[in-house]
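Here is the structure we will look at, set down as structure tokens.
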Amino acid sequence: MGHNVLYIEDNPDNMTLVQRALETRGYKLLKAKNGLDGVKTAETEDVDLILLDINLPDIDGYEVAQRLRSSQKIALKTVPIIAVTANALKGDAEKALNAGCDVYMSKPINIRELWARVEAFVPMP
Amino acid sequence: MNTTKSLAHPDLLSYMTHLECSGCGREYTYNEIHTFCPFCQSPLLTIYNLKKARQHVDRDAISRRTRGMWRWAELLPVQHPENRIFLGEGDTPLLRLFHFEKLLGLKNLFLKDESSNPTGSFKARGLSAAVSRAKELGVQKVIIPTAGNAGGAMAAYAARAGLKAYIFMPKDTPFANVEESRMAGAEVILVDGLISDAAGMAGEKARAEGWFDVSTFKEPYRVEGKKVMGYELAESFGWELPDVIIYPTGGGTGLVGMWKAFAEMEELGWLRNTKRPRMVSVQAEGCAPVVRAFEKGASFCDFWINAHTIASGLRVPKSFADHLILQDIYESKGTAIGVSDEMILDAQKRLAQLEGIFAAPEGAATLAALLQLIEKKWVQPEERIVLFNTGSGLKYLDYKSH
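Going down the list, the sequences are from chains A and B.
Residue 185 is where the first sequence starts when you use the working numbering, and the numbers rise one by one after that.
Residue 19 is where the second sequence starts when you use the working numbering, and the numbers rise one by one after that.
Shown next, in the form of structure tokens:
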């Protein structure tokens, strides 16, 4: 099993925070700044886990999750997806899970929780 | 004379030394405004020079001081006495529940009744500390998301401190909480959603406007006010701790705060022995993220979907300090237990009819939990058990009229 984590996120601060947190644990971070790039990266690269922001500048995270789950690339039907969003608005968590995400996390991202969530799917290298 | 116009204990100075991240241990100065750790995004806790305090602070002298939370000022995070915003918080009664003892076959059952705090709930303690610190740090505007009582408390303390308060509440928050907040001059924004929705909006507003966000555990000081409940308990029991504390858990500030107080008292050498209570976290079955995580042995909670309960203070889908709450429960060899709204309402009625205490539903939930714990033989008849009533039932009359 690989240790490639794709983070789909338009906020550079969050990207830096997560990159630092995951790379210190030996994971390789793949980055996408919007939903369409995220789907494309997931389809072309080997990805073991996806962190998915919900509020993206083009298509939202729900749509990204749906596209990933219905992709021609079979591995994307089961790749773990952790939804992450700042706006824990009514029904957001439920919508994320219904769209195909496995877990829901709200921002601010607690790094210890992030490690625990990621390691639950992809053991630390 | 300690009137509300005089300073609360003007001669006492804090032993606060710095703030420390509960996740990564990074240290921060207390002279600046901090929210949570920017590196690992965990709550910050206030650290005191307890070695020095051990030499100079006499617990028995504290017991002789004028009543109120600020008699513990050396162990609270405000440096300058003139910044302490005092409305009479703290020193709530510890009531013996004689009738329930008889009924349930228990010998040492108590209830710490927090409803006698200003604004009718335990939230006064945390907001007194947080607003006092905000004032000390030169903050002008404070903002809070709340399921109810914290809003009323913040509005009151902010008014007294001369700060402008902005409060984000779910639209089904008890009417009393909305009204008391508006009465104290706060701007109240009603949100179509839960406290987590309100927190998202308040957080965005705080970031955009630069207001001080007093959300649970997203600043380091509310927990300091709440921890005094732990000091008071120890003092009440002759500097021993009870065997079991049954505590309603929404954001978890009180539970985490008391556990912090117990550790501090141990370091101060104030306790007669090192025996700590087993902490019982009580949640509503309709929103029980801590219970679910505890049952799985997890270190974090999953976000609770479709949270619902009449106990608005327990409608917290995921606390920002879930890791600390769970850590303290595990460390105490405690447990977490969910109770239904029906059980809460029944317990509320029985508390009022047998003991004359009209508890908030969150407080009544602790009695409902106790009944389950007795059935499971998790508590023993001789044990010293403390329930917490976190607020007055009078603030929740909305659902009574439905």
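A virtual CB, placed ideally from N, CA and C, is assigned to each residue, including glycine.
- A:I265 - containing beta strand (DSSP E), residue span: 265-269
- Chain-ordered chain A contacts of B:S337 [CB-CB under 7 Å]: Correct list: empty, because the minimum Cβ distance to chain A is about 11 Å.
- Step through the CB atoms of chain A and report whether any lies within less than 8 Å of the CB of B:S358. no
- Task: Taking only beta-carbon positions, decide if A:Y191 is within less than 8 Å of chain B.
- Result: no
- Under the three-state DSSP convention, the category B:K23 falls into: With a pLDDT of 46 at B:K23, under the threshold of 50, the predicted position of this residue should be treated as unreliable, and no value is reported.
- Item | Contact set for A:V189: own chain, Cβ-Cβ below 6 Å, skip 5 residues either direction | L206, Y211, L213, L233
- Starting from B:Y265, follow its DSSP beta bridges and name the residues at the other end. B:S299
- C-alpha gap between A:T200 and A:P292, whole angstroms: 13 Å
- Task: Could you tell me how far apart the beta carbons of A:D237 and A:I265 are, in whole angstroms, since I believe they sit closer than 8 Å?
- Result: Actually they do not touch by this definition, with Cβ atoms about 11 Å apart.
- Query: Taking the C-alpha atoms as reference points, what is the distance between B:R294 and B:F280?
  - Reply: 7 Å
- Evaluate contact between the segment 295-308 of chain B and the segment 250-268 of chain B, counting only Cβ atoms and requiring at least three cross-stretch pairs below 8 Å. yes
- Buried or exposed: where does B:F116 fall if 16 or more other Cβ atoms within 10 Å of its Cβ makes it buried? exposed
- Would you please verify whether the beta carbon of B:N135 is less than 8 Å from any beta carbon of chain A? no
- Query: What alpha helix (DSSP H) runs, 4 residues minimum, are completely inside the segment 351-396 of chain B?
  - Reply: 359-373, 379-393
- Item | Span of the alpha helix (DSSP H) around B:A226 | 213-227
- Message: Tell me the DSSP secondary structure of B:N167 in three-state form.
- Response: helix
- Query: Just the Cα atoms here: how many angstroms apart are B:E303 and B:D359?
  - Reply: 8 Å
- Query: Since B:Y184 is in the beta strand (DSSP E), which residue starts that stretch and which ends it?
  - Reply: 182-188
- Item | Among B:W88, B:Q398, B:T408, B:M219, nearest to B:H27 - alpha-carbon criterion | B:W88
- Go to B:L68, then tell me how far its alpha helix (DSSP H) extends in each direction, as first and last residue. 68-74
- Hey, how far is the Cα of B:L131 from the Cα of B:L121? Note that residue 131 of chain B is Asp in the sequence shown, not Leu. Their backbone Cα atoms lie some 20 Å apart in a straight line.
- Item | Through-space distance from B:G166 to B:G331, alpha-carbon basis | 7 Å
- Message: At 3 residues or longer, what runs of the beta strand (DSSP E) sit wholly inside the segment 91-123 of chain B?
- Response: 112-114
- Task: Give me the Cβ distance between B:K14 and B:G144, rounded to the nearest whole Å; I'm assuming they're in contact under 8 Å.
- Result: Residue 14 of chain B cannot be examined here, being either before or after the span of chain B that is shown, 19 to 420.
- Three-state class that DSSP yields for B:V209 in the structure shown: strand
- Message: Quick check on this structure: which residue in B:S60, B:R82, B:G43 has the alpha carbon closest to the alpha carbon of B:E250?
- Response: B:R82
- Task: Taking only heavy atoms of the ligand NAD into account, decide whether any of them is closer than 7 Å to the Cβ of A:I243.
- Result: Here there are no bound small molecules, and the ligand NAD is not part of this structure.
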